[in-house]
Amino acid sequence: MGEAKRRQTSDANTKASQPLIPGLPITKQQSEQFITLTTKGAWIGIGALVVIWLTVRLIGPALGWWELAD
1 MGEAKRRQTS
11 DANTKASQPL
21 IPGLPITKQQ
31 SEQFITLTTK
41 GAWIGIGALV
51 VIWLTVRLIG
61 PALGWWELAD
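Numbering (the UniProt record's numbering), first residue to last: 1 to 70.
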């Protein structure tokens, strides 16, 4: 049983380090890291968009009101 487990871990390591597409130096692990990074970046962008929208929608008119009052 020890030999079978060693082969599974050995096969998993070689598959992870092989290029995803022949000719491109991108491994499967690097592609998974890229997807994780871009997903986090997308959520940060969505959060920033909501904050900017709320600022323009709620604070912007309030500041414009004071300008018109002068």
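Ideal Cβ positions, reconstructed from N, Cα and C, are used throughout, including at glycine.
C-alpha of T38 to C-alpha of I44: approximately 10 Å in a straight line.
Bridge pairing for T27: P19 [DSSP]. The alpha-carbon of G64 is positioned some 22 Å away from that of A48.
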